[in-house]
Amino acid sequence: MFFSRVGQSKAPYRAVFLAFSLIAPSLVLSACMSSEKDVNLATYVDQTEPADVLYNQGLANLNAGRLDEASKKFDAVDRQHPYSEFARKSMVMGAFADYRAGNYDEAIGSAKRYLTLYPSTDDAPYAQYIIGLSYYRQIKDVTQDQKEARQTVQTMQDLVTRWPTSEYVDDAKDKIRFATDQLAGKEMQIGRYYLERREYIAAVKRFRTVVENYSNTRHVEEALARLTEAYYAMGLTSEAQTAAAVLGHNYPDSQWYKDSYKLLQSNGLEPRENAGSWISKAGKLITGA
Numbered sequence: 007m008f009f010s011r012v013g014q015s016k017a018p019y020r021a022v023f024l025a026f027s028l029i030a031p032s033l034v035l036s037a038c039m040s041s042e043k044d045v046n047l048a049t050y051v052d053q054t055e056p057a058d059v060l061y062n063q064g065l066a067n068l069n070a071g072r073l074d075e076a077s078k079k080f081d082a083v084d085r086q087h088p089y090s091e092f093a094r095k096s097m098v099m100g101a102f103a104d105y106r107a108g109n110y111d112e113a114i115g116s117a118k119r120y121l122t123l124y125p126s127t128d129d130a131p132y133a134q135y136i137i138g139l140s141y142y143r144q145i146k147d148v149t150q151d152q153k154e155a156r157q158t159v160q161t162m163q164d165l166v167t168r169w170p171t172s173e174y175v176d177d178a179k180d181k182i183r184f185a186t187d188q189l190a191g192k193e194m195q196i197g198r199y200y201l202e203r204r205e206y207i208a209a210v211k212r213f214r215t216v217v218e219n220y221s222n223t224r225h226v227e228e229a230l231a232r233l234t235e236a237y238y239a240m241g242l243t244s245e246a247q248t249a250a251a252v253l254g255h256n257y258p259d260s261q262w263y264k265d266s267y268k269l270l271q272s273n274g275l276e277p278r279e280n281a282g283s284w285i286s287k288a289g290k291l292i293t294g295a
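Sequential numbering from 7 applies to the sequence shown in our numbering.
This is the structure in structure tokens:
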């Protein structure tokens with residue numbers, strides 16, 4: 007289920023595979039054998055075990071889908087051997103285990119701690135990716151607050167900016183597009199609410215945000231039509247004509263454009279762009295053409 011939600015990216019799986027390859031085959035076999043006996047973790051928590059043994063037990067549990075056990079094993083490495091190489095690797099793998107288990111706050115906390123301590127390691131972009139995925143999985147319907155969508159955009163954009171050649175970049179960009187669309191959808195939902203209540207100034211503010219800040223989303227088409235409607239209702243015919251003209255230029259076959267054109271024609275008007283309008287300037291950024 008995890009891998010299908012992430013999309014085409016198999017990076018998390020490869021990270022687990024690569025982690026296994028770091029350990030000698032005899033240790034992996036030992037870890038797999040011990041994981042069968044190690045069902046009750048309470049017996050070992052206060053004991054000190056070799057870092058490589060604990061780490062391999064964590065990997066074995068992770069590979070077997072015993073996510074809580076894996077997380078506890080990785081945590082044990084960090085606590086019992088805090089300055090070892092295995093502790094560093096356990097921190098990011100523990101974050102991944104928490105993410106897989108749906109413990110998003112724990113995953114975010116562990117990955118952020120990793121980035122604070124090891125910002126320049128090869129696993130740093132992976133830790134950033136885990137943070138972004140954890141926010142992404144918590145994005146809610148547009149009728150609810152979109153805090154997680156904003157956090158997804160910010161986190162994934164940081165990944166793209168700081169590690170542009172990372173194997174996680176393509177999927178990060180996909181997540182950014184989805185989260186940005188959610189943010190635009192939220193603005194549209196609020197704008198429609200104000201428009202229905204004839205609170206036109208408040209409605210225009212929301213639709214303008216979509217056109218200016220989310221011009222590469224699917225919502226910009228409707229936003230321009232709603233601006234035509236709102237400005238027309240306010241008697242600002244020049245702005246209404248400009249909104250319709252920009253809409254027609256970018257989406258000439260759109261039903262939204264046909265409806266806007268019909269609205270203007272009802273009063274003997276037609277789409278006409280005012281080059282000095284903010285709508286005309288913002289229209290140059292629209293990618294729908």
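We put the beta carbon where it would ideally sit given N, CA and C, even for glycine.
For residue i, the first and last residue of its enclosing alpha helix (DSSP H)
i, result
"GLN152", "Careful: GLN152 lies outside any alpha helix (DSSP H) and carries neither H nor E."
"ALA231", "226 to 240"
"ASP187", "175 to 202"
"ASP58", "57 to 70"
"LEU275", "Per DSSP, LEU275 belongs to no alpha helix (DSSP H) and is neither H nor E."
"SER244", "243 to 256"
"GLN144", "No alpha helix (DSSP H) contains GLN144, which DSSP labels as neither H nor E."
"GLY289", "284 to 289"
Contact set for residue i: own chain, Cβ-Cβ below 8 Å, skip 5 residues either direction
i, result
"ALA249", "LEU230, ALA231, LEU233, THR234, TYR237, SER266 and ILE285"
Residue environment, residue i, which counts as buried when at least 16 other CB atoms sit within 10 Å
i, result
"TYR105", "buried"
"GLY241", "exposed"
"GLU256", "The amino acid occupying residue 256 in the given sequence is Asn; Glu does not appear at that position. Under this definition ASN256 is a buried residue."
"ARG168", "exposed"
"GLY71", "exposed"
"LEU253", "buried"
"ILE5", "One cannot answer for residue 5 here, as it falls past the ends of the chain, which runs 7 to 295."
"ASP147", "exposed"
"PRO258", "exposed"
"PRO170", "exposed"
"TYR199", "exposed"
Short Cβ contact (8 Å threshold) for residue i with residue j
i, j, result
"GLY100", "SER116", "yes"
"VAL216", "GLU202", "no"
"ILE114", "ILE137", "yes"
"ALA209", "GLY197", "yes"
"TYR206", "ALA239", "yes"
"VAL166", "VAL159", "no"
"PRO277", "LEU269", "no"
Sequence-distant residues of the same chain with beta carbon closer than 7 Å to residue i, five excluded per side
i, result
"THR223", "THR186, ASP187 and ALA190"
"VAL226", "VAL216, VAL217, TYR220, ILE292 and GLY294"
"HIS87", "ALA57 and ALA93"
"TYR110", "SER140, ARG143 and GLN144"
"LEU121", "ALA130, ALA133 and GLN134"
"ALA155", "ILE145, ALA185, GLN188 and LEU189"
Cutoff 6 Å; reference residue i; Cβ partners in own chain excluding five residues on either side
i, result
"VAL83", "ALA57, LEU60, TYR61, PHE92, ALA93 and SER96"
"SER244", "ASN280"
Near the ligand NAD: residue i beta-carbon under 7 Å from a heavy atom
i, result
"ASP129", "The ligand NAD is not part of this structure, which contains no ligands at all."
| Contained alpha helix (DSSP H) runs [length at least 4] in the segment 81 to 140, N- to C-terminal order | 91 to 106 and 110 to 123
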